[in-house]
Structure formats: C-alpha cells, structure tokens
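Asker: Dropping the structure in here first, questions after.
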Amino acid sequence: SDESMRLQMDSLVHASQQPADESDHLSAQILAGHSVLLIDSAKRRLDDYVQPLCQRVREGGKHCLSILLVATRQRALELQQQVAGQLDSQDYEICSTTSEAAAALLARGHGLLVATPKQLRTLLLQQTSRIDCLVFDELERLLAYGGQCFEELKVTLFKLCTLPQLLVTTRLWLAREMEQLLEHAKQPLLLFRDLLEAAAYGGCAWQLQLGDSREQQLQQLSAYLQHNPPQRLRTLIYCSRNEDMLKLRQHLSSYKLLQHRGRQDKQQIELWQRQASHTLIKYCIILQHAGKILLLQAHAPELHVENAQSVIHFNMPPTWSQFRKRFAVFKAEIRNALLPAESQQQLSTLLLLDRQSQQSLPQLLEFMQQHDQPIAEPLARANAQLLATREQSLVARQAVLCPVMLLHGNCRQPSTCQYRHLLSDIDRNCATVPSGGCIQFELLKICTPSHFAARLVAQQATAVCPWQTLSMPQQYAELQQQLRSHFATGKQHVAVSAQLQQICVRQMTDDCFERVCITFVPHTSATDTTVRVKHLDLSTVIHHAKLSELFVCPLELQQLQPLALDVRLTGVVPYNGEDIWQHSDNALVADLLLPGGIYEANVDHALSQTIFVSSLKLDSLDYVEQLQLRQLGMLDNAVKSRVSDLIPIARN
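Heads up, the sequence shown is in the UniProt record's numbering, so the first residue is 1 and it goes up one at a time.
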C-alpha cells in the first residue's frame with residue numbers, strides 16, 4: 001500500500017548521516033537482516049558486503065537461502081573464491097554454474113548460490129523455497145549484459161520473495177531501477193560513497209554551456225548569477241587556472257568574494273558556511289558573509305565545505321576523478337529525494353566549457369543521459385561534431401578498430417571509447433585474404449573463444465573447386481631465416497624512431513625475430529618511450545614495447561604482407577551478454593582448440609587482415625554448440641546481421 005511504501009522510504013539513511021565507521025555500519029545493517037543499496041563509482045570491486053553476508057548465512061543455518069546474482073562468469077568465480085574462504089564447504093554448497101549441486105542447494109532452501117541471470121533462470125523454474133536474501137552485484141552491468149533475461153528474472157524472484165533482504169552494489173544512481181527495487185526491499189539503507197552520484201540522486205540541476213572565449217564564459221557566468229544570486233544560494237566557483245582566476249576576480253568585482261589562500265581565510269570561510277538560507281533570511285539578522293562567493297582552484301577537503309548550494313565550474317579539472325571530488329561540497333545539502341517533498345533549496349551546478357575543456361563534453365553528456373538530465377540541442381550538435389572529428393583523426397592515424405564493434409556489430413559506449421569505429425580504405429580486403437568459400441588455417445593463438453590469430457594453409461573458392469595450398473607457412477620459415485641472417489652480426493641492431501604504422505623488428509628469443517607494426521605513440525618527450533605494437537607474423541596480438549626493443553626492418557621485408565591474420569566467428573558472443581570475453585574463458589576451450597592445429601571454416605566476409613567465418617569444424621563436434629553447452633558463448637543472429645552490415649565498404 002502507499003502507507004507501507006512511505007514507511008519503508010522513511011527508513012532510508014541520508015548520505016550525510018553516515019556514521020564515522022562506515023564499514024561497521026554496513027556490516028551491522030546486513031547482519032540485522034536489513035537491505036543495503038550501495039552506490040560507489042570506484043573502479044575497485046565493491047566487495048564490502050561479502051564478509052557480513054557470509055556471517056549472516058552461517059548464523060541463518062538451515063533456514064537461510066541467499067542468491068548472489070552477478071553479471072559475468074568471471075565475477076562469479078571471483079566472488080565464489082571469497083565466499084568459499086569464509087563458509088564451511090561441508091555445511092554449505094557454493095555454486096557458480098547451473099550444476100546439479102546448485103539445483104540441490106535451491107531445493108534444500110539454505111546456503112548461498114552465486115550465478116549469472118542466464119544460469120539462474122532455468123534453475124528457478126521449479127523453485128518453491130523461500131529466498132531470504134537477494135544480492136544484485138554491479139547492478140549497472142546486470143542491466144547492460146543481462147538485458148531482457150535479467151528483467152524477467154527479477155519478476156520471478158520477487159514472486160518467490162515479496163520483501164527480502166536486498167543487497168545491491170552499483171557505480172551509478174539509476175533512479176527508476178533503484179526506486180523499483182526499493183519497493184521490494186526490507187528496511188533499506190541507501191548508502192552513497194560518491195557525492196557526484198549522490199547529487200544526481202538529490203535532484204541537482206545541471207547546466208552546460210560552451211564558450212569560444214574567456215569573455216563569453218564570463219558573460220555566461222554573469223547571466224547564471226543573475227538567475228541564481230549568491231544572496232539566495234550559497235555559491236562556490238571552481239577555477240583551476242591562475243590566469244582565469246585573475247580575470248574572474250576582476251569580472252566579479254561587484255560581488256563579495258572569498259578566497260582560500262591559507263589559514264588567514266579559514267575563519268572567514270567558516271562564517272560563510274553558516275550564512276542563513278533564503279527561506280530563513282527574513283527571520284534572521286543577515287550576517288556580513290551572506291551573499292559572498294567562495295573561489296577555489298581545486299577541491300579543498302581541509303576546509304570541510306559541505307553545504308554549498310550552487311557550484312560553478314569555470315573550467316574542468318585534468319581528470320574525471322578530480323571532477324567527482326568537487327561535488328563533496330554539496331554533501332550536507334543533498335535532499336533525500338525518495339521522501340515526501342522537503343523545503344530544501346534545489347542544488348544547481350553550471351559547467352562552462354571553453355575550447356580546451358570541450359574534450360570532456362562526451363563524458364559529461366553520457367553522465368547526463370545516464371541520469372535523465374535534459375540535453376540542449378546545441379550541446380548535442382557540438383558533441384556529434386566533436387565525435388565525428390575524433391573519428392576522422394583515428395582514421396587518419398589508422399588506429400585499431402574497436403574490438404567491441406567487431407564482436408557485437410556496434411560499440412556500446414561510442415562517446416567515451418578510444419578505438420576507431422569508421423571503416424576506411426585501409427580496411428578493404430586485399431587479394432591475399434579470401435572473402436568467400438572455405439579456408440584451412442593453422443591456429444597460432446586463441447585470443448578469445450571467438451577470435452583467433454591464424455596462418456592460412458589452404459583455401460577453396462567454392463564447394464566444387466579443389467583445395468588450393470597456400471605458401472604462408474613456407475614464407476614464414478623463409479622470413480625467419482632472412483631475419484636471423486640479417487641480425488646475426490649485431491651491427492644491424494639500430495633502434496627505430498617512433499612513427500605510426502612503421503614496420504620494425506622485435507627480438508622474441510635468441511633465434512626468433514618478429515615483424516611488428518607500431519599502432520600507438522604517446523605524446524611524450526621521453527627518449528625510450530613505450531609504444532603499442534601489433535605482431536604481424538607469429539600472432540596478431542597487440543603488446544606494449546619500449547623503443548629500445550625495436551629495430552629497423554630491412555626495406556624489402558617491410559613490403560611482405562603479414563603472414564598472420566585474425567579469424568573471427570561471426571555473431572558468436574559471450575554467453576552472459578558481456579561487452580568482451582573474460583580472460584579466464586580461453587582456458588575453458590583449451591581442450592577443443594590446440595595451437596598449431598589445422599582447422600577448417602566457412603568464410604562469410606573479410607577485411608584487410610580479418611576473416612569472418614560462420615562455422616568452425618572440429619572432429620565430430622560443432623564448436624559453437626560446445627560453447628553453448630559450456631555456457632561460454634552463443635550464436636546471436638541479430639549480432640551476426642549487424643556485423644555483416646559493417647562489411648560492405650570493404651568489398652568494393
């Protein structure tokens with residue numbers, strides 16, 4: 001009912017009310033059987049809940065069934081190892097796959113099960129036991145990877161447990177999703193460790209404005225202050241550049257300003273923090289510090305500023321993590337948005353982006369979209385132009401194609417992805433790479449379960465044509481002999497300079513040399529800088545290498561086409577919907593594919609050094625079916641169609 005929902009929402013704990021020892025408070029909440037929704041943007045794993053969860057499972061004994069839902073099989077294995085170290089394996093079944101042991105655990109109705117949405121969905125069809133605790137680990141990934149499967153699974157789970165203990169970790173405040181989960185949570189605690197996400201939760205209004213000059217930025221600032229006067233909102237301006245700070249002080253000469261220059265200013269800033277809000281001013285004596293604007297060059301935690309109401313970013317800091325820290329000044333003013341309307345002033349932030357800062361626009365707009373903030377049309381156009389310019393730059397530098405796009409047919413984060421997404425002339429398939437028929441290839445390396453470094457051995461143009469033996473293996477042996485002879489005396493070991501797409505030589509062992517191509521050179525003045533290189537003959541792997549490890553390749557050997565290429569299974573994607581394959585997946589196909597083995601496949605399409613194939617033939621086995629049985633991969637026809645749509649430019 002509405003009344004019970006209101007009482008549940010009343011139990012939420014506000015971010016600024018966290019106790020000093022947050023870890024103990026989190027453990028106490030979990031051990032008491034209450035729900036926790038933890039929002040933390042940290043790159044590290046959010047594992048704080050594991051130890052108290054295991055303790056609660058132990059204390060619950062034969063009457064406590066907990067399900068820990070994760071987005072990837074790799075994450076399931078990570079958590080399983082942690083859980084197994086804290087629970088007695090003789091008393092509890094800890095499963096991370098849809099095995100008979102997992103089904104038995106659910107049937108008994110006690111213990112802890114770690115699984116992905118797809119693994120769990122089949123098991124729950126016959127489930128009748130009551131579920132005491134549900135854990136949604138990395139909710140943003142469960143939503144991105146689990147898709148419709150996760151949405152359907154939630155409905156099933158909440159039919160089995162109407163008001164469970166709910167533990168959720170996420171790096172984003174996902175308003176609609178979180179509000180739905182809170183309807184099913186028992187006595188929930190909403191815990192923010194990231195004040196930027198907390199500000200988004202509290203309804204902070206965002207404004208982004210682009211400026212071509214400092215003067216235009218100053219005009220935009222003046223217009224904002226007229227609509228959001230410092231007399232009404234406790235205002236703070238971040239300005240990280242010294243030259244901008246000087247102009248800013250001159251421009252704001254009609255306002256009262258505060259600066260942080262040392263201890264002498266600390267008392268003034270403390271008084272500024274105590275100024276009354278607009279709703280109370282008429283009942284108070286207006287303090288002399290009311291209406292002042294605090295100017296800071298960077299976030300200053302030593303000032304303990306936590307009650308700003310309007311924050312202006314005159315320019316962006318060097319990193320996104322520094323930008324996040326700036327929002328700590330909102331901490332005491334963030335309202336509990338899930339409670340009935342309160343009288344607190346809505347928070348506001350203005351970002352002024354000059355030409356230097358506009359490189360941050362894609363990430364800022366992605367954040368705004370994630371949090372349902374409106375995006376003005378001029379910003380959308382500017383962002384599209386910025387992304388188009390960046391793509392053209394990547395094409396000009398012949399940057400590496402996005403691996404997620406090659407796997408799924410599209411990139412899931414194009415705004416912030418650093419890879420190339422546009423095909424160009426450099427991707428057109430060359431005469432030495434078959435674009436149809438069948439191929440036989442030597443497996444050089446398993447890059448992922450659907451991507452292999454290979455060397456062509458033979459090809460068959462059509463089903464009625466004879467097989468044609470190719471010379472790549474012989475050419476590789478001859479190349480090795482030429483390189484060994486060339487570098488035998490040691491006099492030819494001349495370090496190369498760093499130039500994109502330069503073909504050079506890297507010594508792998510005493511008698512093995514490998515041609516490599518430089519794919520990335522950082523902007524640095526270091527003499528022995530680290531670059532990225534792609535191997536051309538022994539594999540297609542991209543590695544880091546120091547310039548001192550690379551030698552000049554003889555000109556005649558630079559002209560030789562790469563003797564290794566990529567073979568990709570079209571439309572075969574990770575079983576649980578991940579963006580990319582997990583590192584541990586390769587070991588699970590080691591018994592199916594052996595480096596050095598010869599394999600046959602039907603060709604779908606080809607790029608310059610990549611062949612897309614529709615099947616991989618093994619002795620009496622279908623490779624894709626084996627991936628499905630092992631819950632590693634699956635054929636997605638929609639993905640296969642998207643990948644096929646990428647290729648036409650390379651056919652002409």
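Backbone N, C-alpha and C fix where the C-beta goes; we use that ideal spot for every residue, glycine too.
Starting from the C-beta of C149, find all residues in its chain whose C-beta is less than 7 Å away, skip the five residues before and the five after it, and write them out in chain order.
Answerer: Against the sequence shown, residue 149 aligns to sequence position 149. Excluding positions up to five away in sequence, the list reads P117, K118, R121.
Asker: For N336, which of I131, H451, S393, G202 has the nearest alpha-carbon?
Answerer: As a working note, residue 336 is residue 336 in the sequence shown. Selected option, being the one with the closest Cα: G202.
Asker: Tell me whether V573, by its Cβ, gets closer than 7 Å to a heavy atom of the ligand GTP.
Answerer: You won't find the ligand GTP in this model; it holds no ligand whatsoever.
Asker: Expressed to the nearest angstrom, what Euclidean distance is found between the alpha-carbon atoms of I285 and R214?
Answerer: Residue 285 sits at position 285 when you count from the first residue of the sequence shown. Residue 214 sits at position 214 when you count from the first residue of the sequence shown. In this predicted model, I285 has a pLDDT of only 39, less than 50, meaning its place in the structure is not dependable enough to derive any value.
Asker: Can you give me the C-alpha to C-alpha distance between S568 and R412, rounded to a whole angstrom?
Answerer: Here residue 568 refers to the residue found at position 568 when the sequence shown is read from its first residue. Here residue 412 refers to the residue found at position 412 when the sequence shown is read from its first residue. According to the sequence displayed, residue 568 carries Arg and not Ser. Their backbone Cα atoms lie some 19 Å apart in a straight line.
Asker: Helix, strand or coil for T149? Go by DSSP, reduced to three states.
Answerer: Residue numbering aside, residue 149 sits at position 149 when the sequence shown is read from its first letter. Checking the sequence shown, residue 149 turns out to be Cys, not Thr. In the structure shown, C149 sits in a helix (DSSP, three-state: H, G or I).
Asker: Can we say the segment 630-642 touches the segment 560-577, given the rule of at least three CB pairs closer than 8 Å?
Answerer: With a cut-off of 8 Å, the segment 560-577 and the segment 630-642 count as touching, because enough Cβ pairs lie within range.
Asker: Mind checking who V613 pairs with in its DSSP beta bridge?
Answerer: Residue 613 sits at position 613 when you count from the first residue of the sequence shown. V613 pairs with L569, V603.
Asker: When you compare the segment 389-400 with the segment 415-423, are there three or more beta-carbon pairs, one atom per stretch, that lie closer than 8 Å?
Answerer: Yes: the two stretches touch, three or more of their Cβ pairs being nearer than 8 Å.
Asker: Count the other CB atoms, across all protein chains shown, that sit within 10 Å of the CB of Q220; report buried if there are 16 or more and exposed otherwise.
Answerer: Counting from one through the sequence shown, the residue named residue 220 turns up at place 220. Q220 should be labelled buried.
Asker: Give the secondary structure of T349 by DSSP, where H, G and I count as helix, E and B as strand, and everything else as coil.
Answerer: By 1-based counting over the sequence shown, the position of residue 349 is 349. T349: strand per DSSP, three-state reduction.
Asker: DSSP three-state label for I286, please.
Answerer: Indexing the sequence shown from 1 puts residue 286 at position 286. Confidence is the limiting factor: at I286 the pLDDT is only 41, short of 50, which leaves the residue's position unreliable, though a coordinate-based value still follows. I286 falls in the coil class under three-state DSSP.
Asker: Can you tell me where the beta strand (DSSP E) holding W206 begins and where it ends?
Answerer: Numbered from 1 along the sequence shown, position 206 holds the residue referred to as residue 206. That run of the beta strand (DSSP E) goes 205-210.
Asker: Would you list, in sequence order, the uninterrupted alpha helix (DSSP H) runs of no fewer than 4 residues that lie entirely inside the segment 19-47?
Answerer: For the segment 19-47, whole alpha helix (DSSP H) runs of length 4 or above, ordered along the chain, are 22-31.
Asker: For the candidate residues L142, C204, H486, whose alpha-carbon lies nearest to that of H371?
Answerer: As a first step, residue 371 must be located in the sequence shown, where it is residue number 371. If we check each option's Cα against that of H371, C204 comes out closest.
Asker: Going by beta-carbon coordinates alone, are L443 and G596 separated by less than 8 Å?
Answerer: In the sequence shown, the residue the question calls residue 443 occupies position 443. In the sequence shown, the residue the question calls residue 596 occupies position 596. Yes, Cβ-Cβ distance for L443 and G596 is below 8 Å.
Asker: Cα separation between T527 and A498?
Answerer: As a position in the sequence shown, residue 527 is number 527, starting the count at 1. As a position in the sequence shown, residue 498 is number 498, starting the count at 1. T527 and A498: Cα-Cα distance of roughly 10 Å.
Asker: Which of the three DSSP states is assigned to Q459 in this structure?
Answerer: Here residue 459 refers to the residue found at position 459 when the sequence shown is read from its first residue. In the structure shown, Q459 sits in a strand (DSSP, three-state: E or B).
Asker: Helix, strand or coil for H408? Go by DSSP, reduced to three states.
Answerer: Numbered from 1 along the sequence shown, position 408 holds the residue referred to as residue 408. DSSP places H408 in helix when its eight states are reduced to three.
Asker: Roughly how many angstroms lie between the CA atoms of Y476 and Q468, to the nearest whole one?
Answerer: Working through the sequence shown from its first residue, we reach residue 476 at position 476. Working through the sequence shown from its first residue, we reach residue 468 at position 468. Whole-angstrom Cα-Cα distance: 18 Å.
Asker: By the 10 Å Cβ neighbour count, where 16 or more other Cβ atoms means buried, how is Q609 classified, buried or exposed?
Answerer: Taking the first residue of the sequence shown as position 1, residue 609 is located at position 609. Q609 comes out buried.
Asker: Around the C-beta of S471, are 16 or more other C-beta atoms found within 10 angstroms, so that it is buried, or is it exposed?
Answerer: Taking the sequence shown and counting its residues from 1, one reaches residue 471 at position 471. With fewer than 16 other Cβ atoms within 10 Å, it is exposed.
Asker: Note down the Cα distance separating S615 from L143, rounded to an integer number of angstroms.
Answerer: Residue numbering aside, residue 615 sits at position 615 when the sequence shown is read from its first letter. Residue numbering aside, residue 143 sits at position 143 when the sequence shown is read from its first letter. Approximately 30 Å between the Cα atoms of the pair.
Asker: May I have the straight-line CA-CA distance separating G33 from C161, to the nearest angstrom?
Answerer: For the purposes of this step, residue 33 is identified with residue 33 of the sequence shown, where counting begins at 1. For the purposes of this step, residue 161 is identified with residue 161 of the sequence shown, where counting begins at 1. Going from the Cα of G33 to the Cα of C161 covers about 14 Å.
Asker: In this structure, how does DSSP classify T169 when only helix, strand and coil are distinguished?
Answerer: Along the sequence shown, one-based indexing puts residue 169 at 169. Strand.
Asker: DSSP has L511 in a bridge; who is on the other side?
Answerer: Locating residue 511 in the sequence shown gives position 511, counting from the first residue. Here residue 511 is Asp; the residue named in the question, Leu, does not match the sequence. Its beta-bridge partners do not exist; DSSP assigns none.
Asker: Which of the three DSSP states, helix, strand or coil, is assigned to S321?
Answerer: Your numbering for residue 321 matches position 321 in the sequence shown. DSSP places S321 in helix when its eight states are reduced to three.
Asker: Any idea if S539 is buried or exposed, counting beta-carbon neighbours within 10 angstroms, 16 or more meaning buried?
Answerer: Looking up residue 539 in the sequence shown gives position 539. By the 10 Å Cβ count, S539 comes out buried.
Asker: Under 8 Å by Cβ, that's how I've got V114 and L68 pegged, so tell me the actual separation to the nearest angstrom.
Answerer: Residue mapping note: residue 114 aligns to position 114 of the sequence shown, counting from 1. Residue mapping note: residue 68 aligns to position 68 of the sequence shown, counting from 1. Sure, about 5 Å apart at Cβ, within 8 Å.
Asker: Taking 8 Å as the threshold (C-beta atoms), are A300 and H260 in contact?
Answerer: Within the sequence shown, numbered from 1, the residue matching residue 260 stands at position 260. Within the sequence shown, numbered from 1, the residue matching residue 300 stands at position 300. In contact: H260 and A300 (Cβ atoms closer than 8 Å).
Asker: Do E302 and K331 have their C-beta atoms within less than 8 Å of each other?
Answerer: Here residue 302 refers to the residue found at position 302 of the sequence shown. Here residue 331 refers to the residue found at position 331 of the sequence shown. No.
Asker: Return helix, strand or coil for A115, following the three-state DSSP convention.
Answerer: Position 115 of the sequence shown, counting from 1, holds the residue named residue 115. It is a strand residue.
Asker: Please report the residue range of the alpha helix (DSSP H) in which L627 lies.
Answerer: Counting from one through the sequence shown, the residue named residue 627 turns up at place 627. Unbroken alpha helix (DSSP H) run through L627: 623-629.
Asker: Nearest by alpha-carbon distance to L172: which of E625, L190, V155 is it?
Answerer: Counted from its first residue, the sequence shown places residue 172 at position 172. If we check each option's Cα against that of L172, L190 comes out closest.
Asker: Which residues does DSSP list as the beta-bridge partners of H535?
Answerer: Indexing the sequence shown from 1 puts residue 535 at position 535. For H535, which the question treats as bridged, DSSP gives the partners V516.
Asker: Got a sec, what are the start and stop residues for the beta strand (DSSP E) G60 sits in?
Answerer: For the purposes of this step, residue 60 is identified with residue 60 of the sequence shown, where counting begins at 1. Note, G60: premise wrong, no beta strand (DSSP E); alpha helix (DSSP H) at 50-60.
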